[in-house]
Amino acid sequence: MMNLREPSLPAGWYPRNLHEIEEFLSPFSKGSPFSGGSPFSGGAADAHAYAAISPHAGWFFSGITAAASVSSLAKDADTVAIIGGHLPAGVPMLLAEEDGVKTPFGTMNMDRKLRDFIRARVESRPDKYKDNTVEVLIPMVHYFFPKAQLLWARFPADSRASEWGCILAEAAKALGRKLAVLGSTDLTHYGANYGFSPMGMGKKALDWVRGTNDAAFIKAVLKGNPDEVLARSEEDASACSAGAVLGAMGFASQNGLKPKLLDYRTSAEALGGETPESFVGYASIVYL
29 MMNLREPSLP AGWYPRNLHE IEEFLSPFSK GSPFSGGSPF SGGAADAHAY AAISPHAGWF
89 FSGITAAASV SSLAKDADTV AIIGGHLPAG VPMLLAEEDG VKTPFGTMNM DRKLRDFIRA
149 RVESRPDKYK DNTVEVLIPM VHYFFPKAQL LWARFPADSR ASEWGCILAE AAKALGRKLA
209 VLGSTDLTHY GANYGFSPMG MGKKALDWVR GTNDAAFIKA VLKGNPDEVL ARSEEDASAC
269 SAGAVLGAMG FASQNGLKPK LLDYRTSAEA LGGETPESFV GYASIVYL
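Count the sequence shown with our numbering and you get residues 29 to 316, in order.
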């Protein structure tokens, strides 16, 4: 009998109803997901990326940006690695140990050979914890990649994460995998809900997050500078899961892929109306 990982996030993070999921994601699944013009701030990208950065909030807030990333991944990928975070520097990598995960579409099998390859080379621990950084993206990945296997990992926010991304590239080559890697992070968490409001409240604060704090982090990612990505995350509090970003960057660098900003927005756009007291930034960056 397969050991399956059950969903752990409460209702509201993502739809459990198949019709609702398909209604949300179907606009991204018709040929090139951006045919006929791009609704995204950074322009269009064809579905041939093998690495991407995605947010991981509830779909109501960041689902469009996340779907931009996931739908941009090359459809011939036979395994998708989702790298989550929410881990401090210095701790081991976390790997889901189950044989598969339950999704609204059925069961998505874990790539056990890939997991074993990584585990033999990197200190890791079983990921037994409830956390959104991987789970919230799995229904999207299963929708766009119904036959692919999954690697569920979480990387800490330190320089080892970039090295581990390189090991993922090595593993894919050794095992003959067409591997796509999705690094999962949100950007600045601003306001009273997060205990971070250096620019006060209101439109001025939102403009600062968009134009300065998040922009500096995105710039570091687009430059491909892992040290600067870590520095901006730590000094500016501009990313909650920098290790996931470094993992995707390391994998992309080993494969000669270059980053492109596809979409940027904040949770304020989803809420509409006046600037909320608390909000979070989201970016879609794809590697082509």
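Cβ coordinates follow ideal geometry from the N, Cα and C atoms, glycine included.
What's the gap between the Cα of residue i and the Cα of residue j?
i      : j      : result
Ala176 : Ser312 : 22 Å
Asp106 : Lys201 : 13 Å
Gly211 : Gly112 : 6 Å
Met30  : Gly128 : 7 Å
Ala296 : Gly228 : 16 Å
Trp87  : Asn45  : 13 Å
Glu125 : Arg293 : 34 Å
Asn1   : Asn160 : Outside the modelled stretch of the chain, which goes from 29 to 316, sits residue 1, for which no answer is possible.
Leu290 : Pro55  : 16 Å
Leu207 : Val169 : 13 Å
Phe52  : Ala79  : 22 Å
Gly71  : Arg140 : Because Gly71 sits at a pLDDT of 46, beneath the cut-off of 50, its placement in the model cannot be relied upon, and the following sentence gives the value as read from the coordinates. About 36 Å.
Val257 : Asp155 : 25 Å
Glu191 : Glu48  : 38 Å
Phe307 : Thr93  : 15 Å
Gly230 : Asp186 : 33 Å
Pro35  : Pro254 : 32 Å
Glu50  : Tyr171 : 8 Å
Leu37  : Gly239 : 32 Å
Gly40  : Pro226 : 30 Å
Asp104 : Val273 : 23 Å
Val108 : Thr213 : 16 Å
Ala117 : Asp144 : 23 Å
Gly300 : Arg205 : 43 Å
Which residue comes first and which comes last in the beta strand (DSSP E) that contains residue i?
i      : result
Tyr315 : Phe307 to Tyr315
Ala109 : Thr107 to Gly112
Thr216 : Note, Thr216: premise wrong, no beta strand (DSSP E); not H, not E.
Gly134 : Gly134 to Asn137
Thr294 : Pro287 to Thr294
Ala79  : Ala79 to Ser82
Leu179 : Gln177 to Arg182
Cα-Cα, which of the options is closest to residue i?
i      : options                           : result
Ser269 : Pro38, Ala94 and Pro184           : Pro184
Ser57  : Pro174, Met136, Arg143 and Ala80  : Pro174
Leu215 : Val209, Lys232 and Trp236         : Trp236
Ala148 : Ala199, Leu316 and Ala267         : Ala199
Val119 : Val257, Thr303, Gly271 and Gly219 : Gly271
Ala298 : Ser90, Arg33 and His76            : Ser90
Ser152 : Met121, Asp144 and Ser36          : Met121
Leu115 : Thr93, Glu256 and Ala267          : Ala267
Leu203 : Pro226, Tyr315 and Ile146         : Ile146
Val209 : Arg238, Val162, Pro254 and His217 : Val162
Lys232 : Gly252, Phe52, Val273 and Thr303  : Thr303
Val150 : Ile195, Asp186 and Gly230         : Ile195
Ser82  : Gly275, Gly300, Phe307 and Gly301 : Gly275
Ala265 : Pro254, Gly230 and His217         : His217
Pro43  : Val273, Thr213 and Pro132         : Pro132
Pro167 : Gly252, Ile110, Tyr315 and Leu316 : Ile110
Gly252 : Tyr315, Arg205, Gly301 and Gly300 : Tyr315
First and last residue of the alpha helix (DSSP H) that includes residue i?
i      : result
Gly271 : Ala270 to Gln282
Thr93  : Trp87 to Ser100
Arg44  : Arg44 -> no alpha helix (DSSP H), and no H or E assigned at all.
Thr131 : It is not in any alpha helix (DSSP H) - Thr131 instead sits in the beta strand (DSSP E) that spans Gly128 to Thr131.
Pro154 : Segment Ser152 to Pro154 is the beta strand (DSSP E) holding Pro154; no alpha helix (DSSP H) there.
Arg188 : Arg188 to Leu203
Leu123 : Element bounds for Leu123: not the alpha helix (DSSP H) but the beta strand (DSSP E), Met121 to Leu123.
Ala248 : Asp242 to Lys251
Glu256 : Pro254 to Asp264
Met168 : Ile166 to Phe172
Val162 : Asn160 to Glu163
Could you tell me how far apart the beta carbons of residue i and residue j are, in whole angstroms, since I believe they sit closer than 8 Å?
i      : j      : result
Leu179 : Leu142 : 5 Å
Leu250 : Pro287 : 5 Å
Arg33  : Lys130 : 7 Å
Ala102 : His84  : In fact, because the Cβ distance is near 21 Å, the residues do not count as touching under 8 Å.
Phe279 : Ala189 : Not a contact, Cβ separation roughly 10 Å.
Glu305 : Ala181 : No, Glu305 and Ala181 are not in contact; Cβ-Cβ is about 34 Å, not under 8 Å.
Gly193 : Met277 : 6 Å
Determine, using beta carbons only, whether residue i comes closer than 7 Å to chain C.
i      : result
Pro226 : No chain C appears in the structure shown, which is made up of a single protein chain.
Given 8 Å, three or more beta-carbon pairs between the segment 297-314 and the segment 230-249 = Contact annotation: the segment 297-314 touches the segment 230-249, with at least three C-beta pairs closer than 8 Å.
Would the segment 278-294 and the segment 260-269 be scored as touching if the rule is three or more Cβ pairs under 8 Å?
-> Because the criterion of three Cβ pairs below 8 Å is not met, the segment 278-294 and the segment 260-269 do not touch.
Would the segment 136-143 and the segment 91-103 be scored as touching if the rule is three or more Cβ pairs under 8 Å?
-> Note that the segment 136-143 does not touch the segment 91-103; fewer than 3 beta-carbon pairs, one per stretch, sit closer than 8 Å.
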